[in-house]
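FYI, the numbering for the sequence shown is -14 to 225, going by this note's numbering.
Written out below as structure tokens is the structure these notes cover.
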Amino acid sequence: VEIEPFTLAYSVLDISQTERARIRKAAADEKIEIAVLHCLLVSPPGLYVNHPDAEIREETRDYFLALVNLCADLGGEVMVIGSPQQRNVMDPLSFEEAWEYARATFSESAALAGERDVMLCMEPLSSDQTNFITHPDKAVEMVNAVNHPNFQMILDVCSTAKEGIDMPTQIRKHASHVAHFHSNDDNGYLPGSGNVDYPPIIEALKEIDYKGYVSTEVFDFKPDPKTIAKRSIEFVKSLL
């Protein structure tokens, strides 16, 4: 499963080591693997990776470090860096200035992630969500700028489809940097429910010998999460 940290506490700094151990054990007892943290910067409010204010960037950097520790403490392996509203280029910054601020924030987090065996994954998101890193090529530029083995990329089917980007091409082009994968569709629902041609995507993942998670991310939870999970698993398995 992927966990949104704000569903556990207002701030991850409020989650004690005892509570972290309890959550990890509860998941293990149910044979649930806590694999990923995402929606990292929703709470506390005010966090921003490339804000013009240095104090806000410093606070965000420190919170990223706390998130890395939480992920590792829960047994997680991946952190998805999405949070579109906490990375938009703000006035009066140029794109280049915002880029450098973000790179600095990510670099310090990547160093700790390496120590704690957590993979940070930059997520290129559709331009209706953010104006900062909307194409896989740009995400890989950030990966190269951070230049740490524990900072790589996630590909998301819905976002690439909205941008008119061919997913199989991106999978093959950036094979060495794809460390996580979100399976959904162009309608924001489960894989196979929209207009995306899925067989070539799965074929490309097989071709590059992708070993990471294929995680379903939806934005409509009807009829219920268990049904969505079951149908998603069945659909993806049918293509393997």
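Backbone N, C-alpha and C define an ideal beta-carbon position, used for all residues, glycine too.
- Can you name the start and end residues of the beta strand (DSSP E) that Q137 belongs to? Locating residue 137 in the sequence shown gives position 152, counting from the first residue. Q137 -> beta strand (DSSP E) spans 136 to 141.
Original post:
To the nearest angstrom, how far is it from the Cα of L225 to the Cα of V131?
Top reply: The residue you call residue 225 lines up with position 240 of the sequence shown. The residue you call residue 131 lines up with position 146 of the sequence shown. A direct Cα-to-Cα measurement between L225 and V131 gives close to 34 Å.
Q. Is A189 helix, strand or coil when you go by DSSP?
A. Translated into positions along the sequence shown, residue 189 becomes position 204. In the structure shown, the three-state DSSP call for A189 is helix.
- If we ignore side chains and look at the alpha-carbon of each, how far apart do E148 and I139 end up? Here residue 148 is taken as the residue at index 163 of the sequence shown, counted from 1. Here residue 139 is taken as the residue at index 154 of the sequence shown, counted from 1. Computed Cα separation, rounded: 15 Å.
*Along the chain, where does the beta strand (DSSP E) that runs through M226 open and close?*
There is simply no residue 226 to check, as the chain begins at -14 and stops at 225 in what is shown.
**Q.** Proximal residues to H36 (C-beta, below 6 Å), its chain only, five neighbours per side dropped
**A.** Within the sequence shown, residue 36 is the residue found at index 51, counting from 1. Counting only residues of its own chain and dropping the five nearest sequence neighbours on each side, H36 has a CB closer than 6 Å to the CB of R42.
Helix, strand or coil: which one does DSSP assign to C106? Walking along the sequence shown from the start, residue 106 turns up at place 121. Look at C106 here: in three-state DSSP terms it is strand.
Notebook entry, point to check: Comparing alpha-carbon positions, which option in R72, V203, C106 lies nearest N129?
Noted result: Here residue 129 refers to the residue found at position 144 of the sequence shown. Out of R72, V203, C106, C106 has the C-alpha closest to the C-alpha of N129.
Is the beta carbon of A20 less than 8 Å from the beta carbon of G61? Here residue 20 refers to the residue found at position 35 when the sequence shown is read from its first residue. Here residue 61 refers to the residue found at position 76 when the sequence shown is read from its first residue. Annotated as proximal: A20 and G61, with beta-carbon spacing under 8 Å.
query = Quick one: what's got a C-beta closer than 7 Å to V181's C-beta in the same chain, skipping five residues either side?
reply = For the purposes of this step, residue 181 is identified with residue 196 of the sequence shown, where counting begins at 1. Only V142, A146, D170, D171 meet the Cβ criterion.
Next item on the list: Report yes if the C-beta distance between P176 and Q114 is below 8 Å; otherwise report no.
Entry: Position 191 of the sequence shown holds residue 176. Position 129 of the sequence shown holds residue 114. For the 8 Å CB-CB criterion, P176 and Q114 do not form a contact.
Exercise for review: List the residues that DSSP assigns as beta-bridge partners of S111.
Suggested key: Within the sequence shown, residue 111 is the residue found at index 126, counting from 1. When DSSP reads this structure, S111 sits in no beta bridge, so it has no partner.
Compare the beta carbon distance of V199 and Y174 with 8 Å and say whether it is the shorter of the two. As a first step, residue 199 is located in the sequence shown; it is residue number 214 there, counting from the start. As a first step, residue 174 is located in the sequence shown; it is residue number 189 there, counting from the start. Annotated as distal: V199 and Y174, with beta-carbon spacing of 8 Å or more.
Could you name the residues of the same chain whose beta carbon sits closer than 7 Å to that of Y(-5), not counting the 5 residues immediately before and after it, in chain order?
Here residue -5 is taken as the residue at index 10 of the sequence shown, counted from 1. So the qualifying residues of the chain are S28, P29.
message: Would T201 and I193 qualify as a contact pair, given that the criterion is a beta-carbon distance under 8 Å?
response: In the sequence shown, counting from the first residue as 1, residue 201 sits at position 216. In the sequence shown, counting from the first residue as 1, residue 193 sits at position 208. Cβ atoms of T201 and I193: not closer than 8 Å.
Measuring alpha carbon to alpha carbon, tell me which residue in S92, E93, R72 is nearest A83. Taking the sequence shown and counting its residues from 1, the one referred to as residue 83 is at position 98. It is R72.
In angstroms with no decimal places, state the Cα-to-Cα distance between A12 and D76. The residue you call residue 12 lines up with position 27 of the sequence shown. The residue you call residue 76 lines up with position 91 of the sequence shown. Within the model, the alpha-carbon separation for A12 versus D76 is close to 43 Å.
(Q) Out of I186, A124, E188, which one is the CA nearest neighbour of H162? (A) The count along the sequence shown starts at 1 and reaches residue 162 at position 177. Of all alpha-carbon atoms in I186, A124, E188, the one lying nearest the alpha-carbon of H162 is that of A124.
Locate the alpha helix (DSSP H) running through A130, then write down its first and last residues.
Counting from one through the sequence shown, the residue named residue 130 turns up at place 145. DSSP places A130 in the uninterrupted alpha helix (DSSP H) bounded by 121 to 131.
* **From H23, R9, C24, residue whose alpha carbon lies closest to that of I227** => Not covered by the structure: residue 227. The range shown for the chain is -14 to 225.
- Bounding residues of the beta strand (DSSP E) (the contiguous stretch that carries E201): In the sequence shown, counting from the first residue as 1, residue 201 sits at position 216. Note on residue identity: the sequence assigns Thr, not Glu, to residue 201. T201 -> beta strand (DSSP E) spans 199 to 201.
- Item | Presumed contact (8 Å Cβ cut-off) between L52 and L25, rounded CB distance | Translated into positions along the sequence shown, residue 52 becomes position 67. Translated into positions along the sequence shown, residue 25 becomes position 40. About 6 Å; that satisfies the 8 Å criterion.
Could you check whether H159 and P121 sit closer than 8 Å to each other, using their CB atoms as the reference points?
Translated into the one-based positions of the sequence shown, residue 121 becomes position 136. Translated into the one-based positions of the sequence shown, residue 159 becomes position 174. In terms of Cβ geometry, P121 and H159 form a close pair [threshold 8 Å].
Problem set entry | Contact under 8 Å by Cβ, Q137 with M104 | Counting from 1 along the sequence shown, the entry for residue 137 is found at position 152. Counting from 1 along the sequence shown, the entry for residue 104 is found at position 119. In contact: Q137 and M104 (Cβ atoms closer than 8 Å).
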